[in-house]
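What follows is a single structure, written as structure tokens, with notes after it.
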Amino acid sequence: MAGFPIHRIRLKTRFVNAGRLLRRAVACGLLMLAFPTYPAFSQSPATGPFMQRDQFPVRMLFLGLRPETGDLLPRRSIQWAVQFDYANSYASTLPVGDTLIADDYYRAAPPDEYRLFVDTESLRLSVDLDWRIASRLQVGVTLPFLKHGGGFLDGVVEGFHGAFNLSNGGREWAPQNDYGVFVVRDRRFWIRSVESADFRPGDLVVRMKTPLNRGGGRVVMAIAGALKLPTGSLETLTGSGGWDYQAAFFATWRPDRPKRDMIFHANLAHSRLGRPTNGEGFPLRSITTLVLAFEYRTTGRLAALLQTQVNIGPFPSSRLGPLNRTAIEATAGVRYALSESLSLDAGLTENLSQYQNTPDVGLHVGIVWRTP
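Count the sequence shown with numbering that gives the first Met the number 0 and you get residues 0 to 371, in order.
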């Protein structure tokens with residue numbers, strides 16, 4: 000491969016607006032815990048896992064699972080949701096060369112092997128619309144908006160790692176709050192992003208959902224299908240450029256307890272990936288995703304949630320990884336019902352796998368409104 004230098008750009012603007020929004024979102028989440036307890040609603044507010052897909056920048060190019068309950072919406076109901084996710088990611092294949100010069104970093108990769116470098120903070124804002132149009136059919140659409148950049152959380156993450164004597168995984172070799180995303184195979188770039196793009200719309204997703212059994216019981220199940228349209232752009236890391244398909248199974252179990260205050264959710268999805276832009280010579284495999292979630296309703300308005308998401312990587316087996324490794328991340332947070340039709344979610348995400356294929360830390364905030 001002909002040598003050429005990549006001068007990675009240190010961003011002077013560190014997501015100032017995103018930082019303000021992040022601080023406000025955290026403040027809102029803390030305020031939810033301070034709200035007084037009100038009487039229970041005549042109807043139970045919305046339940047279910049956080050509608051948060053995995054946040055690793057490379058996997059976000061493809062169709063991911065949106066966690067859901069096994070229930071469908073009430074008949075002829077419409078649900079709007081706005082989801083805000085902000086995540087800090089640093090990952091690289093080892094051994095690491097000189098990340099400032101493309102040849103030095105990737106020349107040592109064996110044939111047919113992938114090389115990866117991700118140093119970014121990602122903002123994903125999604126708008127979801129779901130509508131139960133018939134007794135056995137619910138349809139929906141998701142439009143995401145994304146931005147990747149240097150961000151402002153590197154110092155916080157490295158300080159946390161230092162306080163608990165955890166490895167930085169190579170962060171110390173890169174300037175703080177820098178930006179770069181490279182994916183290479185056989186010394187050929189699939190992704191070479193050295194400058195962050197503006198806030199852009201991503202790939203549109205349409206979905207259908209139908210029940211497997213009657214609602215109202217302790218166990219409720221449903222199946223769904225989803226299709227990702229290539230409305231984003233690989234150049235701006237807002238989409239893969241391919242058509243992806245997904246089949247999913249959703250189950251919700253409400254144990255027979257007097258208060259019915261404990262709810263368990265399980266989701267399983269299989270996504271078949273279409274050929275991405277510039278995908279010649281970059282084989283992909285299907286992604287399987289598992290979500291397990293526990294919801295505990297403390298009052299008629301407040302619930303605590305804990306969920307774990309497991310993803311199989313989109314790339315075939317590789318000795319260097321980590322794009323072929325199974326990724327595990329967990330989110331813990333609360334849901335506060337402002338009314339019977341409006342609820343607010345807030346949660347923190349942490350990686351549980353050690354393969355540098357998940358964000359180190361992330362924030363999730365969601366607003367869900369249902370009518371009637």
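C-beta atoms are modelled at their ideal positions from N, C-alpha and C, and glycine is treated no differently.
Can you give me the C-alpha to C-alpha distance between THR276 and GLN245, rounded to a whole angstrom?
19 Å
Please return the same chain residues whose Cβ sits closer than 8 Å to the Cβ of PRO358, not counting the five positions on each side in sequence.
GLN54, PHE55, ALA86, ASN87, SER88, SER121, GLU328, THR348, ASN350
Using 8 Å as the Cβ pair cut-off and three pairs as the minimum, do the stretch 191-200 and the stretch 209-229 touch?
no
Going by C-alpha to C-alpha distance, which of ILE262, PHE281, HIS269, ARG271 sits closest to LEU291?
ILE262
Output needed for ILE311: all residues of its chain with C-beta closer than 6 Å, excluding positions within five of it in sequence on either side, in chain order.
ILE286, THR287, THR325
If you run the structure through DSSP and keep just helix, strand and coil, what is TRP242?
coil
Cut-off 7 Å between Cβ atoms - residues of its own chain near ARG52, not counting five sequence neighbours on either side
GLY63, LEU64, ARG65
Can you tell which of LEU362, ILE77, ARG123 has the C-alpha that lies nearest to the C-alpha of GLY231?
ARG123
Consult DSSP for MET50 and reduce its assignment to one of helix, strand or coil.
coil
Is the distance from the Cβ of VAL180 to the Cβ of PRO143 below 9 Å?
no
CB-CB under 6 Å to LYS208, same chain, minus the five flanking residues each way: which ones, in chain order?
GLN137, ALA221, ALA223
Quick one: Cα of LEU233 to Cα of GLY278, how far?
11 Å
Need the endpoints of the beta strand (DSSP E) that SER270 sits in, please.
261-271
Could you compute how far the alpha carbon of HIS363 sits from the alpha carbon of GLN82?
7 Å
I'd like to check one pair, PHE159 with GLY346: are the Cβ atoms closer than 9 Å?
no
How would you write the range of the beta strand (DSSP E) that ASP129 sits in, first residue to last?
113-133
What first and last residue would you give for the beta strand (DSSP E) that runs through GLN306?
301-310
Measure the C-alpha to C-alpha separation of TYR354 and HIS269 and round it to an integer number of angstroms.
22 Å
For TRP242, which residues from the same chain have a beta carbon less than 8 Å from its beta carbon, with the 5 sequence-adjacent residues on both sides left out?
LEU226, LYS227, LEU228, PRO229, GLY273
The beta strand (DSSP E) spanning ASP344 covers which residue range?
341-350
DSSP three-state call for LEU142: helix, strand or coil?
strand
Could you give the distance in angstroms between the alpha-carbon of PRO282 and the alpha-carbon of VAL309?
21 Å
Considering only residues of the same chain and omitting the five flanking positions on each side of PHE34, which have a CB-CB separation below 7 Å?
Residue confidence for PHE34 is low, a pLDDT of 46 falling below 50, so the modelled location carries little weight and cannot support an answer.
Boundaries (first-last residue) of the beta strand (DSSP E) holding GLU294:
286-296
Integer Cβ distance of GLY69 from THR307, believed to fall under 8 Å:
Wrong, their Cβ atoms sit about 17 Å apart, outside the cutoff.
Whole angstroms are fine: how far does the CA of LEU304 sit from the CA of VAL360?
17 Å
Taking the alpha-carbon of PRO315 as reference, which of GLY148, GLY240, GLU112 has the nearest alpha-carbon?
GLU112
How is VAL155 classed by DSSP in three states: helix, strand or coil?
helix
According to the Cβ coordinates, are VAL193 and TYR178 closer than 9 Å?
yes
Where does GLY148 sit, in a helix, a strand or coil, going by DSSP?
strand
Would you mind working out which of LEU301, ASP84, SER76 sits nearest ARG369, comparing C-alpha positions?
SER76
Can the beta-carbon of LEU322 be found less than 9 Å from the beta-carbon of LEU289?
no
Contacts around GLY280, its chain only, beta-carbon distance under 7 Å, and the 5 residues preceding and following it disregarded
ARG184, ASP185, ARG187
Are ASP84 and SER125 touching if we call contact CB-CB under 9 Å?
yes
Does the Cβ of ILE190 have 16 or more other Cβ atoms within 10 Å, making it buried, or fewer, making it exposed?
buried
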